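Numbering (UniProt numbering), first residue to last: 1 to 335.
This is the structure:
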């Protein structure tokens with residue numbers, strides 16, 4: 001195979017292949033006239049293993065060593081590349097020389113993104129995202145949710161990786177925009193796969209849904225999607241309206257639905273409107289003498305430092321889930 005063809009097959013850039021050749025000796029066995037690289041089936045097997053190992057969070061140098069040592073087992077008789085199922089599993093952290101601390105975190109920096117002290121899964125997710133390896137990104141995200149649960153996967157795997165991509169984007173001009181877009185898309189996709197658990201209605205029957213909406217002018221929906229997925233996982237009814245919901249539409253929806261709570265997300269202070277939040281909190285529904293109004297929950301850094309009497313501002317996904325679950329179960333405000 002040519003370098004360009006192999007890069008397309010693996011979902012990496014030709015520059016990445018040349019870097020792995022120079023740093024770790026994962027070069028082609030054959031070089032044609034003019035030093036053009038020609039990759040044999042064994043070379044391909046080594047690099048496929050390298051991609052899988054780094055996507056699992058193994059440091060590149062250790063992944064290269066493990067890929068070389070096990071390459072012979074990944075080439076089938078007849079000089080054909082073996083199926084992916086026959087490739088070796090990632091080495092354990094101890095074998096990779098990257099021992100976890102007691103809390104399961106790592107202290108080594110990521111190869112391309114400024115991750116800091118994060119879970120090993122963040123490193124694998126970041127490497128897969130930078131390579132634009134969509135199948136690996138999806139697999140890493142799905143595995144994190146299955147292994148840790150939605151709240152931990154969001155707060156300790158997805159968010160740190162998103163922040164690292166954002167910092168890299170901000171410090172390198174327009175580079176890495178495509179990485180951020182692809183990663184956000186796959187996170188959103190995984191969040192929407194969450195399956196609700198069955199719940200038994202309380203003595204007062206089924207409570208109204210939780211309405212989730214970004215305030216007017218706000219386009220950042222991923223944190224709200226994570227909360228929606230968490231509520232769905234807890235078996236609670238939701239109505240997700242997404243980005244930049246006009247005030248009139250939000251008020252009309254509250255009157256129609258009679259929600260147990262309304263979550264208003266504001267990423268920036270410029271979009272966080274306390275008059276709107278107070279208006280939503282005062283919106284009523286029902287017959288005269290038995291009117292109800294929603295609990296308003298303010299989400300996002302845009303609300304920081306704002307005085308919001310009678311409204312809640314939970315810190316993080318876990319606290320928001322606890323607040324809203326208690327509200328829906330009791331039917332009365334909490335806090």
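Beta carbons are placed, not taken as given, at the ideal position from N, Cα and C, and that holds for glycine.
The model shown is predicted, which means the values in this text are computed figures rather than measured ones.
Going by DSSP, residue 177 is part of the alpha helix (DSSP H) stretching over 177-191. Between residue 211 and residue 259, the C-beta gap is smaller than 8 Å, which places the two residues in contact.
Pairing residue 250 with residue 304 gives a Cβ-Cβ distance that is not under 8 Å. Of the residues 164, 215, 13, the one whose Cα lies closest to the Cα of residue 273 is 215.
Close CB contacts of residue 166 within its chain, under the 7 Å cut and outside five residues either way in sequence, are with 180 (chain order). Fully enclosed beta strand (DSSP E) runs of no fewer than 3 residues occupy 210-214, 238-242, 261-265, 295-299 of the UniProt domain "B12-binding" (207-335), in order along the chain.
Residue 44 has no beta-bridge partner at all, per DSSP.
Within the model, the alpha-carbon separation for residue 309 versus residue 146 is close to 38 Å.
The C-beta separation of residue 188 from residue 222 comes to about 6 Å, placing the pair in contact by the 8 Å criterion. Beta bridge pairing from DSSP links residue 30 with 38. If you draw a straight line from the Cα of residue 191 to the Cα of residue 230, it comes to about 9 Å. Per DSSP, the unbroken alpha helix (DSSP H) holding residue 62 starts and ends at 60-69.
Assigned with DSSP and collapsed to three states, residue 18 falls in helix. Residue 137 and residue 59 have their C-alpha atoms roughly 17 Å apart.
Boundaries cannot be given for residue 195, as no alpha helix (DSSP H) includes it and DSSP labels it neither H nor E. Annotated three-state conformation of residue 165 is helix, per DSSP.
Burial is judged here by how many other beta carbons sit within 10 angstroms of a residue's own beta carbon; residue 177 has fewer than 16 and is exposed.
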